[in-house]
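Structure, rendered in structure tokens:
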């Protein structure tokens, strides 16, 4: 290794390494340390955040060639698997998002989780999660990426099931792991297909080979689809989204970090990373866009009727992940990544805001049990408003700009039909954000604990306020400044920053219309949402239960998989064991009674049998 | 020619001498102490042997050879021991599980003397199987291992223990009968029991039976041991009814004797047949994986669940070997070998933790358990690590084996490998379901006075967790050695598979 691995952008590997080291340290030593070792985990991610800036500036100052560092992992004859780190524009953006949000969420958790009897374990899991997530975005080969990808899944499993003595939490954790695993198996097969075709796991080598015609189109098609299946599982795309709403059983800061800002974004990241491959087969691109669009609308509709504040945010996350996938499908990876960052910050902000509310109201989550919180919790109200408006896509908040770039790409690449549906999705987004905001913060308190709610302490407000500031101003990076050509151009080579003025105006109007609709229903009560619900009864009830997707899965598991398992188990016991094995044992016993009649004691009968046997042996030998 | 380095002889006879000393002089806790000392020394010795094996040089090393141990001209048996890259890791595995088994039976109070005596004999016999290079000697150790296991299951077992022990014996002996015919036929065709010479001699010899018949005669014994569908039904009974220590040894190393035999005999002596019949291996492997997993999902007895999961996981060994057909035989075979090692530690750990849970909660019936993580966080962590390794989570040794097998078998058997991937999802299902039902959820009142693992219980768990993680994070420690051993075998197979096309 000739390159120096400790300076500048080359030192990026240290960022995950710090958190990974913090994990065993807090597990084993945490109990002897003040704060159960929480500060170790926070320090690790803080140093990671500092390092991120060094990496960024070093990269900007000319080290613009993607860097590789390779370490041998396993070596079987001709085949060799190496671990390597890749620092490029995409991974740097992800590093920034992950370290920033993880740092703030961990600081927030210091207060939020206080008094929990597994306080130390909580922070070690955070360190584990952050380390694995950072590895995902730095991995330069698909197998390494898969490795870290699964560890991220484990981190999520353990954090969702953090309160494992609640049955629902344990159930949700298992569901998340298994659902994402279905996608992961697809991902693994996709990776192996590519390995078979190219003999390597290296992302850039695979893409290079594919672009130069070294891989058959059908191979690219199947492997891309399978890889996308993995991305669908992690990023909660329809129909693999079912685990994400249930994941809200975890502590709220966990939802903010993992199930809003980082882990669920991993699928989008993977799709962005593999887009050069996807682009080679247009059908894949269209599939990605379609899945994204369906998810965007579907989850938005469910979010419209859900009343649990965390689940509304969860469905909203699924919906926005769909929007990102749509963007990837149209080829606008810059816009997808931009929206990923913007949404990550805004959604982390909203979740932590929801955490403040729950903290103040004795862990209530049903939005109808709040009301009037704006007088009790003015700061939380303010930051929640910023998050809501940003996600609704109101200028000049950051969400407007990222959505605008996606809309532009949809318009240019997919035509009017997609554009109109996407705009409808934007309307729904604005509507459910205004709905949840108005129900929660305006009007009169509906319950005692909403009446007695209080503003959170400073240590919980500080991270939220910082997120709010970033969510407010982040939109600026969309614009070219000095020799910076705008965020999308930074990520996507050859992208030219542009705005389609009429589209920006239409999108803004649609968002405002969505907010106004919410205002009419839930603030002014000019129209009754209950009347609406009963008019579209079946649709409403369907949306309430997520359009029966869960029931379909349950049916498949109970009536197909488990039933088949029972059938095979019975077959194994009754047919294979009792009849085949014990049966032949019994028949030996039975025949022994008969066969002893042959033991005549007469030489000539033995002689005949022997001759016959010899004849048979010779015959067998002859035939073969 | 006589060579003698003595280490392997010592590795076989150290436990056996320990057993004799226990039989003659010691009782109760003293027997246990001596067993612990012996297995500790054995662990040190096997680790030393593993480290001493020079993988740069390759081939058979640390050879102990006395020619003409049975010195008839017409029937010459040598005392011939040696290790290569294939057997060295398995010897180490036996060393590790030996001491684990002693700790696992720490609380045995019935007929302690005999229990520890049989455990030691078992360990010696298994090491004998892995180190014998004389086919006859191999067969002797192969049979010797049955006796201690029979007693361990039928005396210290639970449930229908006599039935299970008898079933185990009959199945294995049935396989051995075929194996013996195969061994003798090979001897009378080539005039040697030397397993290092047999591959070359078979190729040029005038066999008294067609090579494919010999291939099936020998592999059937290994298939029963592995076990392969439809010869697997002894396994759930034997594993479930065996005491913890015996389950650990049974799943940990006895099954591996089957896999080891497939490499040492089937693949290395019959390279053409293993390629020609790889379709059969792949089919049976797939059946094992899916059939085993489907049954596992329905199990409500913890030990039976793990036992059936072994059926499923051993299918991956077959699938890896079936990669013989393609140009990726190397990956598949190495993956299969890794799977043997890693399954030994993982399933050993599963049986161990479940055994401790059973001792404390007095039930293995999953619906009666729940919320144990509160009472026993250490055992919960152990079970979690074992479970995650079993479902092939990266960072554990299970992943390394699984990924290498997939890489190897996919190019050769697209659809088989793709279908086998369903097994991976099912595994995640039953493992997480099991962990959730046993460890998570609200703690039950009747478990209020359960305690976590004691120190003698923690040590073996820690040993196995460490070996799972070390191989998972840096697999080269094991894979480099396996690779050295498999290189010549794979070379033959690949040249036939590629040339035969």
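Protein chains in written order, with the numbering used here: chain A, 540 to 1163; chain B, 71 to 571.
Don't be surprised by glycine CBs; every beta carbon is placed ideally from N, CA and C.
Using the Cα positions of residue 763/A and residue 1070/A, report the straight-line distance between them to the nearest angstrom. 46 Å
Out of 112/B, 77/B, 204/B and 76/B, which one is the CA nearest neighbour of residue 88/B? 112/B
Using the C-alpha atoms, what's the distance from residue 871/A back to residue 486/A? Outside the shown range of chain A, which is 540 to 1163, sits residue 486/A, and nothing can be said about it.
Would you mind sorting residue 708/A into buried or exposed? The rule is 16 or more other CB atoms within 10 Å of its CB. buried
Residue 127/B, enclosing beta strand (DSSP E) - first and last residue: Where residue 127/B is concerned, there is no enclosing beta strand (DSSP E), given that its DSSP letter is neither H nor E.
Exposed unless 16 or more other CB atoms sit within 10 angstroms - verdict on residue 560/B: buried
Classify residue 654/A as helix, strand or coil using the three-state DSSP reduction. coil
What's the gap between the Cα of residue 975/A and the Cα of residue 369/B? 45 Å
Contact list for the stretch 715-733 of chain A against chain B, Cβ threshold 8 Å: 716, 717, 720, 721, 724, 727, 728, 731 and 732
Of all Cβ atoms in chain B, is any one closer than 9 Å to the Cβ of residue 690/A? yes
For residue 1010/A and residue 937/A, believed in contact at Cβ under 8 Å, the rounded distance: 6 Å
Should residue 614/A be flagged as near chain B, meaning a C-beta pair shorter than 9 Å? yes
CB-CB under 6 Å to residue 97/B, same chain, minus the five flanking residues each way: which ones, in chain order? 183
Mind checking who residue 146/B pairs with in its DSSP beta bridge? 141/B
Just the C-alpha distance for residue 76/B and residue 275/B, rounded to the nearest angstrom, thanks. 33 Å
Cβ-based burial, residue 1015/A [other Cβ within 10 Å; buried from 16]: exposed
Considering only the beta carbon of each residue, do residue 400/B and residue 567/A sit closer than 9 Å? no
N-terminal and C-terminal residue of the alpha helix (DSSP H) that residue 1041/A is part of: 1040-1061
Residues of the stretch 1090-1117 of chain A in Cβ contact with chain B at a cutoff of 8 Å, in chain order, please. 1100, 1101, 1103, 1104, 1105, 1107, 1108, 1111, 1115 and 1116
DSSP three-state label for residue 1239/A, please. Outside the shown range of chain A, which is 540 to 1163, sits residue 1239/A, and nothing can be said about it.
Please determine, among 387/B, 542/B, 526/B and 492/B, the residue with the shortest C-alpha to C-alpha distance to residue 479/B. 387/B
Top-ranked residue by Cα proximity to residue 700/A, from 512/B, 562/B and 524/B: 512/B
Between which two residues does the alpha helix (DSSP H) holding residue 620/A run? No alpha helix (DSSP H) contains residue 620/A, which is instead part of the beta strand (DSSP E) from 618-626.
Are at least three pairs of beta-carbons, each pair with one atom in the stretch 404-413 of chain B and one in the stretch 491-502 of chain B, less than 8 Å apart? no
Spell out the partners DSSP gives residue 741/A in its beta bridges. 680/A
Rounded to a whole number of angstroms, what is the C-alpha to C-alpha distance between residue 1053/A and residue 925/A? 16 Å
Grab me the residues of residue 541/A's own chain with a C-beta within less than 6 Å of its C-beta, minus the 5 sequence neighbours each way, in chain order. Annotation note: pLDDT 43 at residue 541/A (below 50); position unreliable, coordinate value reported separately. Answer for residue 541/A: no residue qualifies.
Out of curiosity, what's the CA-to-CA distance linking residue 1057/A and residue 1047/A? 16 Å
Of all the options 713/A, 637/A, 739/A and 1146/A, which has the alpha carbon lying nearest to the alpha carbon of residue 782/A? 713/A
Min CB distance residue 705/A to chain B below 9 Å: yes
Proximity to residue 1241/A [Cα-Cα], best of 908/A, 611/A and 657/A: As displayed, chain A neither begins before 540 nor continues past 1163, which places residue 1241/A out of reach and without an answer.
Assign residue 993/A to buried or exposed, taking buried as 16 or more other Cβ atoms, counted over all protein chains shown, within 10 Å of its Cβ. exposed
Check the Cβ of residue 510/B against every Cβ in chain A and list those closer than 9 Å, keeping chain order. 700, 703, 704, 705, 706, 708, 709, 710, 712 and 713
Taking Cβ-Cβ distances shorter than 7 Å, what residues in chain A pair up with residue 361/B? 1107
Closest by CA to residue 538/B, which one among 90/B, 408/B and 498/B? 408/B
Chain A contacts made by the stretch 540-558 of chain B, where a contact means CB separation under 8 Å: 544, 545, 546, 549, 550, 553 and 557
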